[in-house]
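Peer 1: Reminder that position 185 of the sequence shown reads as 194 in the numbering used here, one-by-one numbering, no gaps.
Ideal placement from N, C-alpha and C gives every residue a C-beta, glycine not left out.
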Amino acid sequence: MWKVGFRLFLAVAVIAVAEDKPARVEPEVASQNLTKEIEPVVPPLAKLTQVGGTVVADIIIDSSGRVRSVTLISGHPMLAPAFIDAVKKWEYAPFLKDGQPVSVVTRVEWSVASPKYSPQQSKALKDYYPSFQTCYQLVRQGKDAEAEKKCSETVALSNQLPDNRVLERSDSRVFLGHALYSQHKFPESIPLYEKAVEIRKRYEKSDSDADFASENASLARAYTAVGRFPEADTYYSQAVIVYRAAIVSLPVMKTNYTERLKSTLREYAKLKAALGQNDEASRLEAEASRL
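1. Which full runs of the alpha helix (DSSP H) of 4+ residues lie inside the stretch 51-129, going along the chain?
2. From S217 to Y138, what does the alpha carbon distance come to, in whole angstroms?
3. Give me the DSSP bridge partner(s) of L43.
4. Between A255 and the rest of its own chain, which residues show a CB-CB distance below 7 Å, the 5 nearest in sequence each way excluded?
5. If you count every other CB in all the chains shown that lies within 10 Å of the CB of R107, and 16 or more means buried, which is it?
6. For L147 and K158, what's the separation of their Cα atoms in angstroms?
7. Going by CA-CA distance only, name the one from A297, V60 and D242 that's closest to A122.
8. Figure out for me which residue from E118, V76, G236 and V65 has the closest Cα to the Cα of K98.
9. Given that a residue counts as buried once 16 or more other Cβ atoms are within 10 Å of its Cβ, and exposed if not, what is I93?
10. Any idea if N225 is buried or exposed, counting beta-carbon neighbours within 10 angstroms, 16 or more meaning buried?
11. Nearest CA to the CA of C160: which residue from L170, D172, P171 and S181?
12. To the nearest angstrom, how far is the alpha carbon of I70 from that of P53?
13. Taking buried to mean at least 16 other C-beta atoms within 10 Å of its own C-beta, is P31 buried or exposed?
14. Going by DSSP in three states, R33 sits in which element: helix, strand or coil?
15. Under 7 Å Cβ to Cβ from A241, same chain only, skipping five residues before and after it: list those, please.
16. Is V113 near A66, with beta carbons less than 8 Å apart?
17. Taking its Cβ as the centre, do 16 or more other Cβ atoms sit within 10 Å of T273, making it buried, or is it exposed?
Shown next, in the form of structure tokens:
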């Protein structure tokens with residue numbers, strides 16, 4: 010008898026599962042039931058890098074009209090999370106079958122216009138990154154004269170990039186500045202560091218960007234090398250503030266950022282000592298030692 014009962018239980022369970030499986034509804038039909046649509050917001054980084062394309066997802070809408078789950082089908086990783094977050098908040102009038110509300114599955118899409126580049130910009134985008142990589146490697150290898158030439162070419166390419174390529178314009182100038190600084194061409198390095206700092210200020214996360222802190226420190230170092238101590242003081246101070254914020258903002262990079270902050274604090278302490286501000290120099294050294 011128990012076997013008959015068990016088989017009956019299984020049969021009922023199978024029927025229940027089959028009935029619970031959402032029916033697929035075509036997007037144009039589902040959209041007629043949409044009562045609350047939250048528009049996705051293009052993430053700032055996607056705007057900055059001019060990412061475009063279409064995000065596609067399947068959504069399950071429960072019997073009350075709420076979005077129960079979102080399954081990404083395709084889409085750029087910079088855009089997809091914003092679309093998923095928005096779609097989860099959408100609401101629909103219940104879908105009915107034989108007069109009863111049921112769950113359904115449908116497909117939703119979000120398109121963000123892809124940028125259009127001029128032929129010159131397209132060529133610059135193609136040529137810039139290999140050029141910058143060579144510039145970077147030459148600087149790291151201490152081949153300063155070669156680096157100066159290649160990094161100068163990279164700066165010229167960066168000027169032809171689309172307007173939104175802020176970080177590329179900044180980075181290329183920083184590394185040309187490094188190549189010149191390493192050859193003791195301090196006065197020539199200063200305008201490059203100044204421009205790099207000015208450009209990166211436009212980047213919305215600059216107040217907690219460790220690379221922005223490094224640019225400020227590089228400029229302070231160059232000012233120190235030519236005896237422009239008050240200006241160096243200003244930029245060392247800014248570098249320290251931004252490094253501290255970067256450590257809080259991105260804890261996963263704490264070890265790296267802390268080492269960079271420690272080095273900057275010690276350089277700053279030497280400047281303070283040169284300015285006769287010995288108490289402040291001692292305080293900075295003590296902070297570096299505690300890190």
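Peer 2: Taking the geometry as given:
1. 53-57 and 89-96
2. In the sequence shown, residue 217 corresponds to position 208, counting from 1. In the sequence shown, residue 138 corresponds to position 129, counting from 1. Going from the Cα of S217 to the Cα of Y138 covers about 25 Å.
3. Taking the first residue of the sequence shown as position 1, residue 43 is located at position 34. In DSSP, L43 forms a bridge with Y101.
4. The sequence position of residue 255 within the sequence shown is 246, counting from 1. Excluding positions up to five away in sequence, the list reads S217, D218, A219, A222 and Y266.
5. In the sequence shown, residue 107 corresponds to position 98, counting from 1. The question names Arg, yet the displayed sequence has Asp at residue 107. By the neighbour-count rule (16 or more Cβ atoms within 10 Å), D107 is not buried but exposed.
6. As a first step, residue 147 must be located in the sequence shown, where it is residue number 138. As a first step, residue 158 must be located in the sequence shown, where it is residue number 149. For L147 and K158, the distance between alpha carbons rounds to 10 Å.
7. By 1-based counting over the sequence shown, the position of residue 122 is 113. Cα-wise, what sits closest to A122 is V60.
8. Residue numbering aside, residue 98 sits at position 89 when the sequence shown is read from its first letter. The candidate whose alpha carbon is nearest that of K98 is V76.
9. The residue given as residue 93 occupies position 84 in the sequence shown. With 16 or more Cβ atoms within 10 Å of its Cβ, I93 is classed as buried.
10. Position 216 of the sequence shown, counting from 1, holds the residue named residue 225. Label assigned to N225: buried.
11. Taking the sequence shown and counting its residues from 1, the one referred to as residue 160 is at position 151. Taking only the C-alpha atoms, the option nearest C160 is S181.
12. Residue 70 sits at position 61 when you count from the first residue of the sequence shown. Residue 53 sits at position 44 when you count from the first residue of the sequence shown. Straight-line Cα distance between these residues: approximately 29 Å.
13. Residue 31 sits at position 22 when you count from the first residue of the sequence shown. Its Cβ being crowded by 16 or more others within 10 Å, P31 is buried.
14. Locating residue 33 in the sequence shown gives position 24, counting from the first residue. Strand, per DSSP.
15. Walking along the sequence shown from the start, residue 241 turns up at place 232. Here the set comprises A229, Y232, T233 and L280.
16. The residue labelled residue 113 in the question sits at position 104 within the sequence shown. The residue labelled residue 66 in the question sits at position 57 within the sequence shown. Their beta carbons are not under 8 Å apart, which means V113 does not touch A66 by this criterion.
17. Stepping through the sequence shown from its first residue, residue 273 is reached at position 264. T273 is buried by the Cβ-count criterion.
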